[in-house]
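Enquirer:
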Amino acid sequence: MTLLKLIGKRHVLCVLLIAVSFAGLFIYAKEAQMPAKVMMYYGPWSPEENRFDASRWFSSGMYRPRLMGTPPEESPVTMLRNRPESLRHIENDVLLTEALFAVGRQFPRLDTEDLILNTPDLHRQIRYAYSSFAEPDRPVDSYWLFITFANKTVVVTIDWDVTEKKLLPRSMASNLIEKSDEEAAYLQVKKELDGTASAKR
Amino acid sequence: MAAPKKNQARTSDQHTTTQVKGTLAQDYVTVVGASYMSLYEKVRGQKDNKMRFINQGIRQLTKYPTGTPNFTIQRVFLIFKNDYPENLLTALKDVVENQHGAQYREMDSISGLVDFIAARQRRGREIKQLDFFSHGVVGSIELGYELDKNDSYRLRDAQANMFKPEAFSYGAKIHSYACRTGLGIDADFKVNETEDPHYERSLAQILANATRTTVWAFPRRSNYDTTYGTAAERGSVPGIREREAADGRAMRNYLSRKTAYERKLIEHRKTLKDPTAQLPDEQAPQAPTPTVSEEERNLLAHDDSRALYERKIGFPLDALGAHRDVRSGDTPDGVPKHLLAYKPL
Numbered sequence: 001m002t003l004l005k006l007i008g009k010r011h012v013l014c015v016l017l018i019a020v021s022f023a024g025l026f027i028y029a030k031e032a033q034m035p036a037k038v039m040m041y042y043g044p045w046s047p048e049e050n051r052f053d054a055s056r057w058f059s060s061g062m063y064r065p066r067l068m069g070t071p072p073e074e075s076p077v078t079m080l081r082n083r084p085e086s087l088r089h090i091e092n093d094v095l096l097t098e099a100l101f102a103v104g105r106q107f108p109r110l111d112t113e114d115l116i117l118n119t120p121d122l123h124r125q126i127r128y129a130y131s132s133f134a135e136p137d138r139p140v141d142s143y144w145l146f147i148t149f150a151n152k153t154v155v156v157t158i159d160w161d162v163t164e165k166k167l168l169p170r171s172m173a174s175n176l177i178e179k180s181d182e183e184a185a186y187l188q189v190k191k192e193l194d195g196t197a198s199a200k201r
Numbered sequence: 001m002a003a004p005k006k007n008q009a010r011t012s013d014q015h016t017t018t019q020v021k022g023t024l025a026q027d028y029v030t031v032v033g034a035s036y037m038s039l040y041e042k043v044r045g046q047k048d049n050k051m052r053f054i055n056q057g058i059r060q061l062t063k064y065p066t067g068t069p070n071f072t073i074q075r076v077f078l079i080f081k082n083d084y085p086e087n088l089l090t091a092l093k094d095v096v097e098n099q100h101g102a103q104y105r106e107m108d109s110i111s112g113l114v115d116f117i118a119a120r121q122r123r124g125r126e127i128k129q130l131d132f133f134s135h136g137v138v139g140s141i142e143l144g145y146e147l148d149k150n151d152s153y154r155l156r157d158a159q160a161n162m163f164k165p166e167a168f169s170y171g172a173k174i175h176s177y178a179c180r181t182g183l184g185i186d187a188d189f190k191v192n193e194t195e196d197p198h199y200e201r202s203l204a205q206i207l208a209n210a211t212r213t214t215v216w217a218f219p220r221r222s223n224y225d226t227t228y229g230t231a232a233e234r235g236s237v238p239g240i241r242e243r244e245a246a247d248g249r250a251m252r253n254y255l256s257r258k259t260a261y262e263r264k265l266i267e268h269r270k271t272l273k274d275p276t277a278q279l280p281d282e283q284a285p286q287a288p289t290p291t292v293s294e295e296e297r298n299l300l301a302h303d304d305s306r307a308l309y310e311r312k313i314g315f316p317l318d319a320l321g322a323h324r325d326v327r328s329g330d331t332p333d334g335v336p337k338h339l340l341a342y343k344p345l
């Protein structure tokens, strides 16, 4: 009480405020030194904020952020794998079944008979697209499989469970969108296939 | 409103007059406003609110009659593009044109919409239905709310009065799913019993008078909360997905057997040199019957589409459109909680 009386209540309050400010600054400085957490969404699409700390998948060098939009920003949903698997070990007919399943759902009128009877090497028509998390710490790599029918090219997005080492049963077919990333990937595939075909002639 | 056309000629007592009704080509038009993201949404990377107007606009396209190859009926999707990134607009254009057979056009000022409507008559077309999905305040549909181009994207009385009745067909309808288009006083939370909502001053009434068309609008705020389904519907997705996974396994098994069967059959026919030969002792496999209902499959299809586009382009674009309609919000209280009809006065 005597000390309080001596320096006054106001002065004590000031000292306390200064102390709290210094503590705050110290914590802030410590946090700035630490690597920033990478909080990623996981699971099916939801309006809720389902995120987890995915930092280790980036710090290990397995994945890097995927920049999207203008100006480019790191996507909180998808990332890019630095050395994606080739999927060469998956049987061609397993890929065919996935393609038939996805195409049948989205484009039921497309005639798939020629694809069944004259199935090309589908591995050559695949390109890695992006990765995401099915659950916390369960990354999934997505690939585009391009299938050309009589006058239409379809993109089948197939998902590879990196942990379980298996295809996820959620392949989806969609149109090849002009001026998109997938069109750029498709043109690369087409160029390679055309190059091989002309070399054989 | 386009009056029925008449064939007029000089007549005499011996000749009767013939009236021929002319029906112009008709447009069903969805107008989608730009949508801003709050700082909170930006920080958290949440894009569902930003996509509400677009996904509702796509749902509206599915309700219109299918466009005809000779364009006598045409679906049109107009979007005010400010703050929608290029990759989203590219994907949206593909969905609108290739999955819903609609004309797609980007707008960058309200005069673009005024011109579009004025051009209907010049092109021998008329609007059968016009629907707005956007932000709004009392007296205006804010097609660029809180964005840089807010002022040049605003639809208010001045623009409404430029919409000519000739651009609209007989019995045409206009719907506004923007907040408070149907209210004539600036009430935020409540319209007291003693207060007059002055519906006659509302933008809805001004639009109705200008276009000689019935306008449907909310006197309250609009609510887009069930765009992605009700909470119960969203909650039911994981359970349905489990059952659907079993259906998927059965279907993949069938497709695998069907592939083997068809290849065997073609070889058999080649060997016999008979294009109609059948395999002895072997029947074509039968497709399994799904356990998931059509409605449940539809719910998953919406969910899958949003997930696919979220990963592909960073936005939950629903190629099938919103799952449910826009509803009336709660405020301001004291006025009806549903769309009201505003007939031309």
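Chain order of the listed sequences is L and S. Residue numbering for the first sequence follows this note's numbering, beginning at 1 and increasing consecutively. Residue numbering for the second sequence follows this note's numbering, beginning at 1 and increasing consecutively. Glycine is no exception: its CB is placed at the ideal position from the N, C-alpha and C atoms.
Go ahead and pull the three-state DSSP assignment for L/PHE58.
Expert: In the structure shown, L/PHE58 sits in a helix (DSSP, three-state: H, G or I).
Enquirer: Between L/PHE149 and chain S, is any beta-carbon pair separated by less than 8 Å?
Expert: No, its Cβ sits nowhere closer than 8 Å to a Cβ of chain S.
Enquirer: Relative to chain S, which residues along the segment 137-163 of chain L have a C-beta separation below 9 Å, given in chain order?
Expert: Against chain S - using a Cβ distance shorter than 9 Å - the residues of the segment 137-163 of chain L are SER142, THR157.
Enquirer: Listing by chain order, which chain S residues have their CB less than 7 Å from the CB of L/MET79?
Expert: Per Cβ cutoff of 7 Å: no residues; L/MET79 is ~10 Å from chain S at best.
Enquirer: Could you give the DSSP three-state label for S/GLN283: helix, strand or coil?
Expert: Looking at S/GLN283 - three-state DSSP - the assignment turns out to be coil, as it is neither helix nor strand.
Enquirer: Report the option in L/MET172, L/LEU193, L/VAL189 whose CA atom is closest to the CA atom of L/PHE107.
Expert: Closest by alpha carbon: L/MET172.
Enquirer: So the beta strand (DSSP E) S/VAL32 belongs to, where does it begin and stop?
Expert: Here the beta strand (DSSP E) through S/VAL32 covers 25-32.
Enquirer: Counting only runs of 3+ residues fully inside the segment 70-101 of chain L, write out the beta strand (DSSP E) ranges in chain order.
Expert: For the segment 70-101 of chain L, whole beta strand (DSSP E) runs of length 3 or above, ordered along the chain, are 73-81.
Enquirer: Return helix, strand or coil for L/GLU31, following the three-state DSSP convention.
Expert: With a pLDDT of 49 at L/GLU31, under the threshold of 50, the predicted position of this residue should be treated as unreliable, and no value is reported.
Enquirer: At the level of alpha carbons, what is the spacing between S/ARG252 and L/THR97?
Expert: Near 6 Å, if we compare the C-alpha coordinates of L/THR97 and S/ARG252.
Enquirer: According to DSSP, is L/TYR63 helix, strand or coil?
Expert: Strand at L/TYR63.
Enquirer: Looking at the secondary structure, which residues open and close the beta strand (DSSP E) in which S/THR358 lies?
Expert: Given a span of 1 to 345 for chain S in the structure shown, any question on residue 358 of chain S remains unanswerable.
Enquirer: Is S/LYS63 helix, strand or coil by DSSP?
Expert: S/LYS63: helix per DSSP, three-state reduction.
Enquirer: Since S/SER202 and S/THR181 are thought to touch, with beta carbons under 8 Å apart, how far apart are those beta carbons, to the nearest angstrom?
Expert: Their Cβ separation, rounded to whole angstroms, is 7 Å, which keeps S/SER202 and S/THR181 in contact under 8 Å.
Enquirer: I'd like to know if S/ALA245 contacts chain L, where contact means its C-beta is closer than 8 Å to some C-beta of that chain.
Expert: Chain L, which has a Cβ nearer than 8 Å to the Cβ of S/ALA245, makes this yes.
Enquirer: Over the uninterrupted beta strand (DSSP E) stretch that includes L/ASP159, give me the two end residues.
Expert: That run of the beta strand (DSSP E) goes 153-161.
Enquirer: Please name the residues in the segment 92-108 of chain L whose beta-carbon is closer than 7 Å to at least one beta-carbon of chain S, in chain order.
Expert: From the segment 92-108 of chain L, only ASP93, LEU96, THR97, LEU100, PHE101 have a Cβ closer than 7 Å to chain S.
Enquirer: For the alpha helix (DSSP H) that contains S/ARG252, what are its first and last residues?
Expert: 231-272 is the span of the alpha helix (DSSP H), which, as asked, contains S/ARG252.
Enquirer: Are the Cβ atoms of S/ASN167 and S/GLN205 separated by less than 8 Å?
Expert: Rather than Asn, the amino acid found at residue 167 of chain S in this sequence is Ala. Cβ atoms of S/ALA167 and S/GLN205: not closer than 8 Å.
Enquirer: Looking only at C-alpha atoms, which of S/HIS338, S/THR331, S/ASP304 sits nearest to S/HIS323?
Expert: For the residues S/HIS338, S/THR331, S/ASP304, the minimum Cα distance to S/HIS323 belongs to S/ASP304.
Enquirer: Would a C-beta distance cut-off of 8 Å place L/VAL140 and L/ASP111 closer than the cut-off?
Expert: No, the pair does not count as a contact, with Cβ atoms beyond the cut-off.
Enquirer: In terms of residues, what are the limits of the alpha helix (DSSP H) holding S/LEU302?
Expert: Rather than Leu, the amino acid found at residue 302 of chain S in this sequence is His. Its alpha helix (DSSP H) spans residues 294-313.
Enquirer: Anyone know if the C-beta pair for S/ASP48 and S/PHE189 falls short of 8 Å?
Expert: Contact: no.
Enquirer: Can you pull the chain S neighbours of L/GLU49, defined as C-beta to C-beta under 8 Å?
Expert: Simply ARG44, GLN46.
Enquirer: What are the start and end residues of the beta strand (DSSP E) that includes L/ASP141?
Expert: Element bounds for L/ASP141: 138-148.
Enquirer: Give the list of continuous beta strand (DSSP E) stretches no shorter than 3 residues that lie fully inside the segment 143-175 of chain S.
Expert: Listed in chain order, nothing qualifies, since the segment 143-175 of chain S has no complete beta strand (DSSP E) run of 3 or more residues.
Enquirer: Have a look at L/PRO72, L/GLU48, L/ALA19, L/ILE90 and flag the residue whose alpha-carbon is nearest the alpha-carbon of S/TYR228.
Expert: Checking every option, the nearest Cα to that of S/TYR228 belongs to L/GLU48.
Enquirer: Contact between the segment 143-154 of chain S and the segment 183-199 of chain S: three or more CB pairs below 8 Å?
Expert: Contact between the segment 143-154 of chain S and the segment 183-199 of chain S is absent, because fewer than three Cβ pairs lie under 8 Å.
Enquirer: Taking 8 Å as the CB-CB limit, is S/PRO344 close to chain L?
Expert: Closer than 8 Å: no.
Enquirer: Of all the CB atoms in chain L, is at least one closer than 8 Å to the CB of S/MET251?
Expert: Yes, S/MET251 lies at the interface with chain L (some Cβ there is under 8 Å from its Cβ).
Enquirer: Within 8 Å of any Cβ in chain S, is that where the Cβ of L/PRO71 sits?
Expert: No, no contact with chain S.
Enquirer: In its own chain, which residues sit with a C-beta less than 7 Å from the C-beta of L/VAL162, not counting the 5 before and 5 after it?
Expert: PRO139, VAL140, ASP141.
Enquirer: So, is the C-beta of L/LYS179 closer than 8 Å to a C-beta in chain S?
Expert: Yes - at least one Cβ of chain S is within 8 Å of the one on L/LYS179.
Enquirer: How would you list, in chain order, the residues of chain L whose beta-carbon sits under 8 Å from the beta-carbon of S/SER140?
Expert: The contacting residues do not exist; S/SER140 stays about 28 Å from chain L at best.
Enquirer: Does any CB atom of chain L fall closer than 8 Å to the CB of S/TYR228?
Expert: Output row for S/TYR228: interface = yes.
Enquirer: Could you check which residue in L/PHE149, L/ASP137, L/ALA197, L/PRO72 has the C-alpha nearest to that of S/PRO85?
Expert: Nearest option by C-alpha distance: L/PRO72.
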